[in-house]
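One structure is given below, encoded as structure tokens.
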Amino acid sequence: MHEHPAIELYFNLSDEAQNAQVEQVIAAIDLDSVVSYTLQAAAITQPVMLTLLISDDAGIQEMNRQYREQDKATDVLSFPLLEQPIVQAPAEQLWAPQEAEGAKEPSSTPTFVTPPGMVTNLGDIVISWPTMQRQAQEAGHEETTEFIYLFSHGVLHLIGYDDHTEAGYQAMVAIQQAVLQKLGQKAYRS
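With our numbering applied, the sequence shown corresponds to residues 10 to 199, in that order.
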């Protein structure tokens, strides 16, 4: 499989045969460009890395239950390692900085500081392969299109965007569609 300098890629599906099948599909997608185009659209120029896990519905449901207290499968989860957004955007488009335990103000000292000249680890993205396939089928487009859309969505969450407000949702969708178009895919959501 193709190595990705900025992406640690893992597969955790129901069996080895399914892992191998999904690996083949993913190998045909330019993951590095998805990350690069997403970051360019958000004006992020620093070197970054992230982890991508392709899971099944049971695996993502367990993570969703554990970390978001929602006992259901979902399409994509993002786990930012940053304490505050690195993207420069209006506050209504961003998630709130993490607060230090017991503090009333956001922590002014990050738990981990990326040394100068080193790559910033943005965090982890988990995508449910079966949910992605169902959504692509329901939308009537290629699985590749849906996967790129979800992967770009996850990257945007890692850098600070939040889609719980209309402003954040619209900003994210615009970037995700631009990434799809740059990769020769048809934009499909509004």
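Note that beta-carbon positions come from the ideal geometry of N, C-alpha and C, so glycine has one too.
Glu-78, DSSP secondary structure in three states: Collapsing the DSSP output to three states places Glu-78 in coil.
Ile-53: first and last residue of the uninterrupted alpha helix (DSSP H) it sits in: Run containing Ile-53: none; DSSP gives neither H nor E here.
Cross-strand partners of Pro-17 (DSSP beta bridge): For the sequence presented, residue 17 should be read as Glu rather than Pro. Glu-17 has Thr-60 as its beta-bridge partners, per DSSP.
Buried or exposed (CB count within 10 angstroms, at least 16 for buried), His-162: Burial is judged here by how many other beta carbons sit within 10 angstroms of a residue's own beta carbon; His-162 has at least 16 and is buried.
Status (buried if at least 16 other CB within 10 Å, exposed otherwise) for Asp-80: Its Cβ having fewer than 16 others within 10 Å, Asp-80 is exposed.
Top-ranked residue by Cα proximity to Pro-124, from Gln-146, Ser-87, Pro-56: Checked all of Gln-146, Ser-87, Pro-56; the closest Cα to Pro-124 is Pro-56.
Nearest to Gln-185 (by Cα), restricted to the options His-173, Leu-62, Phe-156, Thr-54: Out of His-173, Leu-62, Phe-156, Thr-54, the CA that lies nearest to the CA of Gln-185 is found in Phe-156.
Collapsed DSSP secondary structure at Gly-132 in the structure displayed: DSSP, read as helix, strand or coil, puts Gly-132 in strand.
Start and end residues, alpha helix (DSSP H) containing Ser-161: Counting along the chain, the alpha helix (DSSP H) containing Ser-161 begins and ends at 152-168.
Cα-Cα separation between Gln-49 and Ser-23, rounded to whole angstroms: Taking the straight line joining both Cα atoms gives about 35 Å.
Straight-line gap, Arg-74 to Thr-83 (C-alpha atoms, nearest Å): Rounded to the nearest angstrom, the two C-alpha atoms are 10 Å apart.
Run of the beta strand (DSSP E) containing Pro-89, from where it starts to where it stops: Its beta strand (DSSP E) spans residues 85-89.
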